[in-house]
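Asker: End of the sequence shown = 617 in the numbering used here, gap-free, step of one. For each residue, glycine too, the CB sits at the ideal point set by N, CA and C. Predicted model only: the values in this text are computed from it and were never measured. This is the structure I have questions about; it appears just below.
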Amino acid sequence: MKSISRIENYNATPEQVFKCIDDLGVTGMHMTESSAMMMGSKLHLEYLTENHTGLGSRYRWTGRMMGTSMGFNVEVTKWTAAEEKIWETIGNTRLIIYSWYRIHLIVTPMPDGAKAELSISYEKPKEFFNNILSFLFADWYCKWCLKHMLGDAKKALGMKANNTKHFKNKKL
Numbered sequence: 446m447k448s449i450s451r452i453e454n455y456n457a458t459p460e461q462v463f464k465c466i467d468d469l470g471v472t473g474m475h476m477t478e479s480s481a482m483m484m485g486s487k488l489h490l491e492y493l494t495e496n497h498t499g500l501g502s503r504y505r506w507t508g509r510m511m512g513t514s515m516g517f518n519v520e521v522t523k524w525t526a527a528e529e530k531i532w533e534t535i536g537n538t539r540l541i542i543y544s545w546y547r548i549h550l551i552v553t554p555m556p557d558g559a560k561a562e563l564s565i566s567y568e569k570p571k572e573f574f575n576n577i578l579s580f581l582f583a584d585w586y587c588k589w590c591l592k593h594m595l596g597d598a599k600k601a602l603g604m605k606a607n608n609t610k611h612f613k614n615k616k617l
C-alpha cells in the first residue's frame with residue numbers, strides 16, 4: 446500500500462474547513478467534470494444513504510474512462526466532526542489504476558485558522574495492464590486529486606487557492 450498526502454492552510458475555523466471538505470459536492474467536483482486528467486471522461490455520483498455525511502454514509506461512483514466501465518462504492522468509516530474523516534472503497538470495485546483506496550482527512554486548529562491534511566492510500570490493481578497504468582499514473586493522479594480537493598474547498602470558502610505544496614509520499 447502507498448500513501449500520498451497534502452497539507453493546506455485555511456483562514457477559516459476548523460468547523461468551516463471540515464464541513465466544506467466533508468461535502469462531496471465540493472471535494473468530488475473534479476471527478477464529475479470532464480478533464481484531461483480524467484481522459485475527457487467524468488463520473489456520476491449517487492448517494493446510497495439518506496445521510497450524505499457522517500459515519501456510515503455511503504455513495505457510488507459510476508462512469509467510463511478509456512473505454513472501460515468504472516464503478517465503486519465508498520463508505521465513511523470514521524467521522525469526528527471538525528476533526529477527522531476516513532472514507533474508503535468497499536466491496537467489488539471496477540477501477541483502473543487502483544484496486545482499493547482510502548482517503549483520510551485531519552483538520553487541526555491553527556492560530557489564524559485551520560490546517561487540513563488530506564491523504565490518499567491505495568493498493569495497485571492485480572491485472573497486468575492496469576498495474577502498468579498504476580505504476581505510470583497513480584501517484585500523479587493522487588497528487589492531482591489532493592490538489593483539486595483542497596483547492597476546491599478553498600474556493601468554496603471564498604479564498605484564493607494557492608500553490609502550497611506539502612506532499613508526502615510513503616509506502617506503508
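Between which two residues does the alpha helix (DSSP H) carrying N575 extend?
Answerer: 573-601
Asker: Assuming contact is defined by CB atoms lying nearer than 8 angstroms, are M510 and I548 in contact in what I supplied?
Answerer: No; because the gap between Cβ atoms is not below 8 angstroms, this pair is not in contact.
Asker: According to DSSP, simplified to helix, strand and coil, what is G470?
Answerer: helix
Asker: According to the Cβ coordinates, are L500 and V521 closer than 8 angstroms?
Answerer: yes
Asker: Kindly list the residues whose CB is nearer than 6 angstroms to the CB of A601, restricted to its own chain and excluding five residues on each side of it in sequence; keep chain order.
Answerer: C465, V471
Asker: Does DSSP put S450 in a helix, in a strand, or in coil?
Answerer: strand
Asker: Give the single residue among W506, T498, S502 whose Cα lies nearest to the Cα of E491.
Answerer: W506
Asker: May I ask which residues mark the beginning and end of the beta strand (DSSP E) holding M511?
Answerer: No beta strand (DSSP E) holds M511; DSSP gives it neither H nor E.
Asker: Helix, strand or coil for K569, going by three-state DSSP, please let me know.
Answerer: coil
Asker: Could you give the DSSP three-state label for K487: helix, strand or coil?
Answerer: coil
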